[in-house]
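Enquirer: Each residue of the sequence shown is one higher than the last, beginning at -6 in my numbering. Beta carbons: idealized from backbone N, C-alpha and C, even for Gly. The structure follows.
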Amino acid sequence: MILDLFLQHPWAYLTAALVGLLVTKLLVNKYGNGLSGIPGPALASFTDLWRFLDVYKRRPEVTQIALHEKYGSVVRLGPNTVSIADPAAIQTIYAHNSGYTKSDFYPVQQTINKSGKRLITLFTSQDEKFHSQLRRSVANAYAMSTLVQFEPFVDSTTTEFFKQLDQRYANQNDILDFGTWLQYYAFDVIGELTYSKRLGFVDHGKDVDNIIGNLEWLLNYAAPVGQLPILDSLLLKNPLRLQLTKWGFTNSSSPVAIFARNRMLARVDPEKLGDMKFDQDNGRRDFLSRFLEANQKDPEFMNNDRVLALTVANMFAGSDTTAITFRAIFYYLMKNTKDMKTLMAELAEEEKAGRFAREDGLVSWNEVRDLPFLNAVVKEALRCHPAAGLMLERIVPARGLEVDGHHIPGGTIVGVNAWVLHRNKDIFGHDADRWRPSRWIEASTEQKRRMENYMFAFGAGSRTCIGKNISLLEMYKMVPALLRRYELEFPSTDNTWHLNNGGSTKYLSFQTRDKVELVRAKDARARAERVETDVLLAIKPEHLANIISREKNHEYRKYRLKDGVSRLWLYETGSGGGRSSITQIAVIPPNTRHEPGSVPIEPFGIGNEDFNAGLKESKYGYPILELYELVNPVTLNEMKTRWGMGSAPMGWQYVASDLWEDRWGEDEGRPGKVKKLF
């Protein structure tokens, strides 16, 4: 009878059976893992789809911070996944030989070589014995004592970075996409360190071979898919795709892996490159040469695939995480000008004391490693904006885990999220959710040690990021050098960054809404020897003529001048018969600027109507109240030879105090220097 009913309505019974199986599976997920007593979102206890969707939305750190604030130190994020915010659990979960192994989240991030094999790295390995042996083989290459020998490699890229910024952006009207250029810099530094060869991002000012784009795509893929790792076996690493790669029908290798393979072949077997031209061994002991030395000592274990995997891991991890921290440092300093000034004062004091040896503005690790406020800024950036945006997953051993009154059975995935831990008010203070670098200076010795012990930006225990010292070396060398050379500011007050937790898998990146304006300064002393009420602007002769005739009563620019600027020194360019000289000084009202639609209709002025209608590229209009003609115009040659300017003015810059005194000065001496036109 039952068979007859089934034959009459097969789809109804099959549907009912499937629904029954699904309900049973969901109930087992919720109640069958011994986690039903742990609080968390209701849906998360039934299915990992909740985690997948939360990470896919790109802000899981916000979710996890809120959940721990609501539920406490232990939160269930999945049928078999628990997030832990108890600081004491770190030593248990991440300690050496703790028995907590990495989850299946990590193999999702493994790249594929030309033969269709996975490239297993220190970060993605789940085998603790393999990880320990691999780390021992190369650990010396990452020691800070070794990395200091790499300083010339960092300096080489920094010099080129500054050269490109000078040529493309400094004192010009263009706005710098600073976050992107910081990633170019970080990628090229790690290229120098690994292969003695930049990849070319800085030199060309673009994403070479879509390497960064491919990396962001891969990490955007791995972040959510890592929450349901079985999907990876059906997608990027399905057996058919890997076999087709092995046979040469498709290429599953990333652009970085291809670049790394070619650089390696240039060292070990250049004939395989054919007509491709690569520099061979240049005698510099970069990371690749050190890995190859390890290969010679133990070729059976440290085979060519593992050497390749190590270099690829250097490029992936060493570029993105460092770029994220660079962005955080500069973003927070630009948002908190008081801290920027404090750091600049510290650097100026060091320079005044003669502690910086180089004349080009670059600094050494030993010169800056102990600067108190620089240390505080770097630590606070790592605390407020750790690169890892998801918890570092581990599998609880059979003995289980006791946390804050909860028993977590063996086999459960657990982890700590640095974003959650770093906002612990018992450790970092009542304002742990705010940027305040001075906390590291004001803290007692005991409190400072406690904060440092619970910093989790580079992980903890045996799996602490092996590239930590590389990242710190870059930060401590580049941040002071850049701040001594340039001024940074947002072009407008609407400067909130947009975070993407997934744009770098477990890492966060940002894009400022209005990018960054870059102003060139000769050095820290040059910044002090200037007049901040007066700026120098380049202007075409025809526009200057309209100002002199009073047909034009506003000067329009794409950039926003700082509050307090009250005089524009107008450098007439040489085109159209101009004199390539500073010929006029225009007085403008300080703290007054117009935006499109706000310029008064009367009196009429050339360009006002178009500006109000939004037809100009310019974003800001500055009313001209008075105009003075210099009795002795400042020629371009005089600007270079007498006033220390390296090239013709472009964009805007502050007027040097000596030039201001010579051509404008105090009231009593001014009549012989300028003639008032109106």
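DSSP state of ASN443, grouped into three classes?
Expert: Residue identity check: residue 443 is Arg in the sequence provided, not Asn. Residue state, collapsed to three classes: helix.
Enquirer: Are the region 309 to 322 and the region 455 to 471 in contact at 8 Å, needing three or more beta carbon pairs?
Expert: Flag = yes, the region 309 to 322 and the region 455 to 471 touch.
Enquirer: Check the C-beta distance from TYR564 over to ILE532 and give it rounded, since I have them as a contact under 8 Å.
Expert: With 8 Å as the limit, TYR564 and ILE532 qualify as a contact, their Cβ atoms being about 7 Å apart.
Enquirer: Ordered along the chain, which non-local residues of its own chain (more than five positions away) have a Cβ less than 6 Å from that of LEU629?
Expert: For LEU629, where only same-chain residues beyond five positions count, the Cβ hits under 6 Å are SER573, ALA641.
Enquirer: Anyone know if the C-beta pair for THR117 and ALA250 falls short of 7 Å?
Expert: Result no, Cβ atoms of THR117 and ALA250 do not sit closer than 7 Å.
Enquirer: Can you tell me whether ASN307 is buried or exposed, with buried defined as 16 or more other CB within 10 angstroms of its CB?
Expert: With 16 or more Cβ atoms within 10 Å of its Cβ, ASN307 is classed as buried.
Enquirer: From the DSSP output, in three-state form, read off ASP527 for me.
Expert: Strand, per DSSP.
Enquirer: Within 10 angstroms of its Cβ, does TRP210 collect 16 or more other Cβ (buried), or is it exposed?
Expert: Its Cβ having fewer than 16 others within 10 Å, TRP210 is exposed.
Enquirer: Identify every residue that forms a DSSP beta bridge with LYS95.
Expert: LYS95 is bridged to ARG387.
Enquirer: Using 8 Å for Cβ pairs, my map puts LYS669 next to GLU588. What's the rounded Cβ distance?
Expert: Not really, about 29 Å apart at Cβ, beyond 8 Å.
Enquirer: Whose C-alpha, out of LEU127, LYS50, GLN176, GLY184, is nearest the C-alpha of PHE146?
Expert: Of LEU127, LYS50, GLN176, GLY184, the residue nearest in Cα terms is GLY184.
Enquirer: What's the gap between the Cα of VAL592 and the Cα of LEU529?
Expert: Their backbone Cα atoms lie some 23 Å apart in a straight line.
Enquirer: What three-state label does DSSP hand ASN90 in the structure shown?
Expert: ASN90 falls in the coil class under three-state DSSP.
Enquirer: Which whole-angstrom value is the C-beta distance of GLY460 and HIS89, which I expect to be below 8 Å?
Expert: Not really, about 19 Å apart at Cβ, beyond 8 Å.
Enquirer: With H, G and I counted as helix, E and B as strand and the rest as coil, what does DSSP make of TYR564?
Expert: It is a strand residue.
Enquirer: Can you name the residues that DSSP bridges to ILE575?
Expert: According to DSSP, which records beta bridges pairwise, ILE575 is partnered with TYR564, VAL627.
Enquirer: Decide if the region 172 to 191 is in contact with the region 277 to 289; the criterion is three or more beta carbon pairs, one per stretch, under 8 Å apart.
Expert: Contact between the region 172 to 191 and the region 277 to 289 is present, because at least three Cβ pairs lie under 8 Å.
Enquirer: Taking ARG477 as the reference, which of GLN236, GLY354, PRO664 has the closest Cα?
Expert: For the residues GLN236, GLY354, PRO664, the minimum Cα distance to ARG477 belongs to GLY354.
Enquirer: For TRP645, name the three-state secondary structure that DSSP assigns.
Expert: Strand at TRP645.
Enquirer: Suppose you measure from the CA of THR238 to the CA of PHE252; what does that come to, to the nearest Å?
Expert: Those two C-alpha atoms are separated by around 17 Å.
Enquirer: Kindly confirm or deny that the region 77 to 87 and the region 201 to 218 touch, where touching means at least three C-beta pairs closer than 8 Å.
Expert: The answer is no - the region 201 to 218 does not touch the region 77 to 87, with fewer than three Cβ pairs under 8 Å.
Enquirer: Taking only beta-carbon positions, decide if GLN220 is within less than 7 Å of chain C.
Expert: Of the protein chains in the structure, only one exists, and it is not chain C.
Enquirer: So what's THR74 in DSSP terms, helix, strand or just coil?
Expert: Looking at THR74 - three-state DSSP - the assignment turns out to be strand.
Enquirer: Can you give me the start and stop residues for the alpha helix (DSSP H) that ARG234 sits inside?
Expert: That run of the alpha helix (DSSP H) goes 232 to 240.
Enquirer: Is it buried or exposed, ARG560, if we count other Cβ atoms within 10 angstroms and call 16 or more buried?
Expert: Buried, by the Cβ-count rule.
Enquirer: GLY600: buried (16+ other C-beta within 10 angstroms of its C-beta) or exposed?
Expert: GLY600 is buried by the Cβ-count criterion.
Enquirer: Taking Cβ to Cβ, would you say TYR613 is nearer than 7 Å to ARG550?
Expert: Contact flag set, yes.
Enquirer: With distances taken Cα to Cα, identify the nearest neighbour of TRP673 among CYS377, ALA474, PRO292, GLY13.
Expert: Any property of residue 673 remains undetermined from this structure, which presents the chain solely from -6 to 671.
Enquirer: Enumerate in chain order the residues of its own chain whose CB-to-CB distance from LYS122 is below 8 Å, with the five nearest sequence positions on each side excluded.
Expert: There are no such residues.
Enquirer: Measuring CA to CA, which of LEU326, LEU28, GLU445, GLY403 is closest to HIS415?
Expert: The candidate whose alpha carbon is nearest that of HIS415 is GLU445.
Enquirer: Can you pull the DSSP bridge partners for GLU209?
Expert: In the DSSP output, where bridge partners are listed per residue, GLU209 has none listed.
Enquirer: With burial defined as no fewer than 16 other Cβ atoms inside 10 Å of the residue's Cβ, what is the status of ILE594: buried or exposed?
Expert: ILE594 is exposed by the Cβ-count criterion.
Enquirer: Give a yes or no on contact between the region 387 to 395 and the region 359 to 376, applying the rule of three or more CB pairs nearer than 8 Å.
Expert: No contact exists between the region 387 to 395 and the region 359 to 376.
Enquirer: Report buried or exposed for TYR24, applying the criterion of at least 16 other Cβ atoms within 10 angstroms of its Cβ.
Expert: Counting Cβ neighbours within 10 Å, TYR24 comes out exposed, since fewer than 16 surround it.
Enquirer: Compute the distance between the beta-carbons of TYR621 and ILE581, then report whether it is under 7 Å.
Expert: Cβ distance not < 7 Å, so TYR621 and ILE581 don't count as in contact.
Enquirer: Could you tell me if ASP21 is buried or exposed, where buried requires 16 or more neighbouring beta carbons within 10 angstroms of its beta carbon?
Expert: Just to set this straight, residue 21 is Val in the shown sequence, not Asp. VAL21 should be labelled exposed.
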